[in-house]
Ligand code: GLU
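Residue numbers (my numbering): 19 to 483.
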């Protein structure tokens with residue numbers, strides 16, 4: 019049997035990080051078993067579905083490398099198929115037209131609530147052997163209801179939650195098509211999961227109440243229900259359900275903030291699943307380790323610091339060439355012209371150890387590509403004491419023709435410190451200021467090596483007469 023999983027998002031709004039976990043797990047499960055992963059866009063809610071949301075989903079999945087084997091398959095393009103199944107169900111007595119008006123349904127519901135009963139459809143139009151149905155009202159289009167079994171129960175062994183059993187008398191006859199003929203959500207899911215031969219449904223536990231209904235419809239259609247794994251919710255860092263309202267970010271936001279897809283993937287993987295105490299692992303390891311048995315049973319909590327830490331880790335580990343390609347668009351966005359300054363890859367190499375995001379690297383890189391500072395006379399007086407000028411002067415001489423290595427510049431600086439009997443900060447502060455008009459830079463010897471002796475000398479000339 020080929021394992022087939024799916025991600026079936028509704029493109030009806032904001033897609034946050036937690037939502038994409040419902041893509042990652044079925045993807046990993048399919049890959050682990052050399053199975054197939056299908057992307058299905060559940061867009062039948064035409065009022066709320068947007069193309070923008072579809073794009074965010076496709077883009078986010080692609081960015082994380084969760085490419086589907088089939089799809090995207092859009093439900094709106096399968097309406098004919100749903101109609102055919104509904105017609106068949108009517109023909110076979112699995113479903114029936116119900117003419118109860120909205121007003122009557124509401125009255126029924128109010129009466130049930132007043133009686134302290136659970137509100138539910140009363141089966142008025144449900145055909146039974148020997149039962150005489152009311153005369154269909156003229157000019158009224160019916161909804162179509164599924165004939166849910168009246169007795170017994172529906173049970174499944176949920177891969178996360180264990181055995182779940184619901185009595186059929188708890189479930190009323192679900193509307194599968196509206197008065198205008200459009201199929202309803204739970205029904206389309208069943209037809210699709212059957213047609214697409216889905217073997218494992220891994221999804222958020224906000225769908226756990228739909229499952230008994232879906233299983234009943236699937237069995238009525240002659241299908242075998244898949245394995246279900248309902249994932250506990252993702253909570254935000256303050257313990258509320260993650261949502262846009264309380265500050266959740268979309269995958270696109272993380273991309274823009276300079277996160278690496280590797281970090282996001284690693285982070286998401288641990289948001290409700292564990293492999294021993296492994297915290298940092300590759301995509302390949304994740305796929306090799308991913309099994310449903312190790313899905314967590316309690317809600318996972320979003321931890322932005324941990325994500326940032328992972329991002330730092332992946333930045334540090336990343337190949338510098340690859341990293342510089344990723345930083346380049348961020349640098350361009352900041353107006354940095356990487357051709358007017360030192361080798362960009364080397365700059366990224368110098369900055370990557372301390373950076374948490376690509377954006378931080380780009381910000382740090384600015385220093386190297388700004389034009390030489392134009393200090394005013396007052397600024398020079400304020401930041402470059404007369405007493406240090408002889409040392410700066412000697413340094414200027416010492417670096418002439420200096421080889422572009424951190425060590426060579428460190429040696430030149432050391433010699434000047436010794437010669438003038440001064441400490442590093444006494445020289446480094448005015449030196450940084452002279453070169454960059456700031457006192458904050460990475461290690462000055464490394465920075466100077468990247469700038470090259472000509473550029474450094476040119477800048478020193480501006481403050482030394
Ligand atoms: N379309 C549903 C959602 O976005 C998921 C349905 C499913 O996975 O069965 O919540």
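Virtual Cβ for every residue (Gly too), placed ideally from N, Cα, C. On a predicted model such as this, the values are computed, not experimentally measured, just so you know.
ask   = Sorted by chain position, which residues of the same chain lie with C-beta nearer than 6 Å to residue 176's C-beta, five sequence neighbours on each side aside?
value = Locating residue 176 in the chain shown gives position 158, where the first residue counts as 1. Result list for residue 176: 182, 246, 248, in chain order.
inquiry  = Within a Cβ cutoff of 6 Å, which residues of the same chain sit near residue 36, ignoring the five residues on either side of it in sequence?
reply    = In the chain shown, the residue the question calls residue 36 occupies position 18. Closer than 6 Å at the Cβ level, and outside the excluded window around residue 36, lie 252, 260.
query = Just the Cα atoms here: how many angstroms apart are residue 278 and residue 370?
reply = By 1-based counting over the chain shown, the position of residue 278 is 260. By 1-based counting over the chain shown, the position of residue 370 is 352. Their backbone Cα atoms lie some 13 Å apart in a straight line.
CA nearest to the CA of residue 552, picked from 291, 93, 119, 468 = No statement about residue 552 is possible, as the shown extent of the chain runs from 19 to 483 and does not include it.
Proximity to residue 281 [Cα-Cα], best of 265, 298, 292 = Here residue 281 refers to the residue found at position 263 when the chain shown is read from its first residue. Nearest option by C-alpha distance: 298.
Closest by C-alpha distance to residue 115, when choosing among 80, 197, 100 = Counting from 1 along the chain shown, the entry for residue 115 is found at position 97. Per the Cα distances, 197.
message = With a threshold of 7 Å on Cβ separation, who are the neighbours of residue 117 within its own chain once the five nearest residues in sequence on each side are excluded?
response = Your numbering for residue 117 matches position 99 in the chain shown. Here the set comprises 143, 154, 155, 158, 160.
ask   = Who are the near neighbours of residue 438 in its chain, counting only those whose CB is closer than 6 Å to its CB and skipping five residues on each side?
value = Locating residue 438 in the chain shown gives position 420, counting from the first residue. Same-chain partners within the cutoff: 409.
query = In terms of residues, what are the limits of the alpha helix (DSSP H) holding residue 431?
reply = Taking the chain shown and counting its residues from 1, one reaches residue 431 at position 413. Per DSSP, residue 431 belongs to the alpha helix (DSSP H) from 424 to 438.
query = Which residue spans inside the region 381 to 411 form an unbroken alpha helix (DSSP H) run of at least 4?
reply = 395 to 401
request  = At 4 residues or longer, and completely inside the region 36 to 110: list those alpha helix (DSSP H) runs for me, N to C.
outcome  = 69 to 82, 97 to 109
Coil, strand or helix - residue 196 by DSSP = As a position in the chain shown, residue 196 is number 178, starting the count at 1. Correct three-state label for residue 196: coil.
query = For residue 380, which residues of its own chain have a beta-carbon under 8 Å away from its beta-carbon, when the five flanking residues on both sides are left out?
reply = Stepping through the chain shown from its first residue, residue 380 is reached at position 362. Counting only Cβ-Cβ distances below 8 Å, and skipping sequence neighbours, we find 276, 345, 348, 349, 351, 352, 354.
task = With a threshold of 16 other CB atoms inside 10 Å of the CB of residue 201, please say whether the residue is buried or exposed.
result = The sequence position of residue 201 within the chain shown is 183, counting from 1. So residue 201 ends up on the buried side.
Three-state secondary structure assigned by DSSP to residue 303 = Start at 1 with the first residue of the chain shown, and residue 303 comes out as number 285. Helix, per DSSP.
query = Tell me which same chain residues have a C-beta within less than 7 Å of the C-beta of residue 450, skipping the five on either side of it?
reply = The count along the chain shown starts at 1 and reaches residue 450 at position 432. Within the same chain, residue 450 has close Cβ partners 456, 457, 459, 462.
query = Is it the case that the CB of residue 60 approaches a heavy atom of the ligand GLU more closely than 8 Å?
reply = Numbered from 1 along the chain shown, position 42 holds the residue referred to as residue 60. Indeed, a heavy atom of the ligand GLU lies less than 8 Å from the Cβ.
key: Inter-residue Cα distance where the pair is residue 311 and residue 180   = As a working note, residue 311 is residue 293 in the chain shown. As a working note, residue 180 is residue 162 in the chain shown. One C-alpha to the other measures close to 11 Å.
ask   = What's the gap between the Cα of residue 377 and the Cα of residue 43?
value = Numbered from 1 along the chain shown, position 359 holds the residue referred to as residue 377. Numbered from 1 along the chain shown, position 25 holds the residue referred to as residue 43. Cα to Cα, residue 377 sits roughly 29 Å from residue 43.
query = Any idea if residue 119 is buried or exposed, counting beta-carbon neighbours within 10 angstroms, 16 or more meaning buried?
reply = Working through the chain shown from its first residue, we reach residue 119 at position 101. Exposed.
ask   = Which residue from 187, 225, 236 puts its Cα closest to that of residue 107?
value = The residue given as residue 107 occupies position 89 in the chain shown. Among 187, 225, 236, the Cα nearest to that of residue 107 is on 236.
query = Do three or more CB pairs link the region 284 to 291 to the region 37 to 57 at distances below 8 Å?
reply = yes
request  = Just mark residue 34 as buried or exposed, buried being the case when its beta carbon has 16 or more other beta carbons within 10 Å.
outcome  = By 1-based counting over the chain shown, the position of residue 34 is 16. Buried.
inquiry  = So, for residue 479: in the same chain, excluding its five sequence neighbours on each side, which residues have a beta-carbon less than 8 Å away from its beta-carbon?
reply    = Here the question's residue 479 lines up with position 461 in the chain shown. The answer, listed in chain order, is 414.
Distance, residue 342 Cα to residue 333 Cα = For the purposes of this step, residue 333 is taken as residue 315 along the chain shown, with counting starting at 1. For the purposes of this step, residue 342 is taken as residue 324 along the chain shown, with counting starting at 1. Their backbone Cα atoms lie some 10 Å apart in a straight line.
Closest residue to residue 82 among 63, 308, 286, 362 (Cα-Cα distance) = In the chain shown, the residue the question calls residue 82 occupies position 64. The option with the nearest alpha carbon to residue 82 is 286.
task = State the DSSP-derived secondary structure class of residue 349, mapped to helix, strand or coil.
result = The residue you call residue 349 lines up with position 331 of the chain shown. Helix at residue 349.
query = Using a threshold of 8 Å, is the CB atom of residue 148 nearer than that to any non-hydrogen atom of the ligand ATP?
reply = Within the structure as shown, the ligand ATP is missing, the only ligands being the ligand GLU.
task = Indicate the three-state DSSP secondary structure (helix, strand or coil) for residue 25 in the structure shown.
result = For the purposes of this step, residue 25 is taken as residue 7 along the chain shown, with counting starting at 1. Residue 25 falls in the strand class under three-state DSSP.
key: Residue range of the unbroken beta strand (DSSP E) whose run includes residue 246   = Taking the chain shown and counting its residues from 1, the one referred to as residue 246 is at position 228. Looking at the DSSP string, the run of the beta strand (DSSP E) that includes residue 246 is 245 to 249.
ask   = Thinking just about the alpha-carbon of each residue, which of 109, 20, 393 is nearest to the one in residue 52?
value = Locating residue 52 in the chain shown gives position 34, where the first residue counts as 1. Selected option, being the one with the closest Cα: 20.
task = Give the DSSP-derived three-state secondary structure of residue 330 in the structure shown.
result = Sequence index remark: in the chain shown, residue 330 carries index 312 (1-based). Helix, per DSSP.
message = If distances are taken between C-alpha atoms only, which option among 24, 23, 50, 28 comes closest to residue 305?
response = Locating residue 305 in the chain shown gives position 287, counting from the first residue. Residue 50 is the option with its Cα nearest to residue 305.
message = What residue range does the alpha helix (DSSP H) around residue 183 cover?
response = Locating residue 183 in the chain shown gives position 165, where the first residue counts as 1. Per DSSP, residue 183 belongs to no alpha helix (DSSP H); it is in the beta strand (DSSP E), 180 to 185.
key: Cβ shell of residue 404 (< 6 Å), same chain only, five flanking positions each side left out   = The residue given as residue 404 occupies position 386 in the chain shown. So the list is empty, once near-sequence residues are dropped.
key: Beta-carbon proximity check, residue 232 vs residue 204, cutoff 9 Å   = Indexing the chain shown from 1 puts residue 232 at position 214. Indexing the chain shown from 1 puts residue 204 at position 186. Their beta carbons are under 9 Å apart, which means residue 232 touches residue 204 by this criterion.
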